[in-house]
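Numbering (the numbering used here), first residue to last: 72 to 272. Beta carbons are placed, not taken as given, at the ideal position from N, Cα and C, and that holds for glycine.
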């Protein structure tokens, strides 16, 4: 399937003459196992959790953001696929556009597939998405260790939850969304990103 088919919904929702978001010209054939989390102050503040799979970014909106507490389940709502170029996007989307508001690159890094079948063989990420149960290990600047995304509602209003795996990186006392407030790309706060975007036009 061509990239334009993968990104059909992404392109349909945006006016690239107005928004500085990347168009995503070609599918990235090199399937880099990267993840990004973008803090997004749209109509409501949320965190966009994105995984590179087959040359595109599979995406979930997490209203409360990720938690390092293994007893916490955070709602994660799937959104449209994004182009790989979006992994570097930071700035402000015009208020009258889809997703209007400020976007920060809150965390970024690589991930490793760690979910195995009964025979001890790794289950491909695409199959995990299809089956509604993903388990990966993150090596980010802020988040590390195992995380699971598990679908609990199918259909039009599909819903998942994001949960920290109970491993050595788990910490119920930490609250990364409250204590980690700067971009891993530019070391700016949300307010600084917004002001800089307004200044630049």
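Three-state secondary structure (DSSP) of residue i
i	result
residue 219	strand
residue 114	coil
residue 199	helix
residue 250	helix
residue 90	coil
residue 73	Per-residue confidence for residue 73 stands at a pLDDT of 47, beneath the threshold of 50, marking its modelled position as unreliable; no derived number is given.
residue 156	helix
Proximity below 7 Å, CB of residue i to CB of residue j
i	j	result
residue 103	residue 173	no
residue 251	residue 151	no
residue 175	residue 254	yes
residue 131	residue 147	yes
residue 208	residue 239	no
residue 111	residue 128	no
residue 88	residue 243	no
residue 161	residue 256	yes
residue 178	residue 105	no
residue 145	residue 133	yes
residue 169	residue 85	yes
residue 219	residue 234	yes
residue 278	residue 248	As shown, the chain starts at 72 and ends at 272. That puts residue 278 outside it, with no answer to give.
Bridge partner(s) assigned by DSSP for residue i
i	result
residue 175	110
residue 143	Paired residue(s): none; residue 143 is not in a bridge.
residue 168	Bridge partners of residue 168: none, in fact.
residue 230	224
residue 121	107, 130
residue 150	130
residue 245	Answer by DSSP bridge pairing: none, since residue 245 is not bridged.
residue 235	218
residue 162	174
residue 257	Looking at the DSSP assignment, residue 257 forms no beta bridge with any residue, so it has no partner.
residue 180	106, 211
N-terminal and C-terminal residue of the alpha helix (DSSP H) that residue i is part of
i	result
residue 185	Segment: none, residue 185 is in no alpha helix (DSSP H) and carries neither H nor E.
residue 270	261–270
residue 192	It is not in any alpha helix (DSSP H) - residue 192 carries neither H nor E in the DSSP assignment.
residue 81	79–83
Continuous beta strand (DSSP E) stretch holding residue i: start and end
i	result
residue 207	204–211
Minimum Cβ-Cβ distance from residue i to chain B less than 7 Å
i	result
residue 151	Among the chains in the structure shown there is no chain B, since it carries only a single protein chain.
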